[in-house]
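**Q** As numbered in our numbering, residues 8 to 80 make up the sequence shown, in order.
Beta carbons: idealized from backbone N, C-alpha and C, even for Gly.
Structure in structure tokens, see below.
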Amino acid sequence: MAKNVLYKAADVRAKTPDQLSDLLLDLRKEQFNLRFQRATGQQEGTGRVREVRREIARVKTIQAEKVRSAGKS
């Protein structure tokens, strides 16, 4: 799972589309769990919420780039 791992853009770009989909799914699950922890008052650090949100955006951006580049070929 993607817990507490910061992905650099170069690392994400090296992944295949299937790996990106799996990574996005893991990040969304983690985001859900973090939201649930916040709602129940169990969350200790709030910074991870922001990190996960940004990692999701990074993965989605690179997925879109790959789709665009595959369409031009």
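Would you call the CB atoms of residue 12 and residue 66 closer than 9 Å?
**A** Not closer than 9 Å, so no.
**Q** Using 10 angstroms around the beta-carbon of residue 59, count the other beta-carbons present and answer buried if the total reaches 16, otherwise exposed.
**A** The residue in question, residue 59, is buried, as its Cβ has 16 or more Cβ neighbours within 10 Å.
**Q** Taking 7 Å as the limit between beta carbons, can you name the residues of its chain near residue 43, skipping five residues before and five after?
**A** Cβ neighbours of residue 43 beyond the five flanking positions: none.
**Q** For residue 68, count neighbouring C-beta atoms within 10 Å of its own C-beta (all shown protein chains included) and say buried if the count is 16 or more, exposed if not.
**A** The residue in question, residue 68, is exposed, as its Cβ has fewer than 16 Cβ neighbours within 10 Å.
**Q** Could you tell me the boundaries of the alpha helix (DSSP H) in which residue 27 lies?
**A** Run containing residue 27: 24-47, per the alpha helix (DSSP H) assignment.
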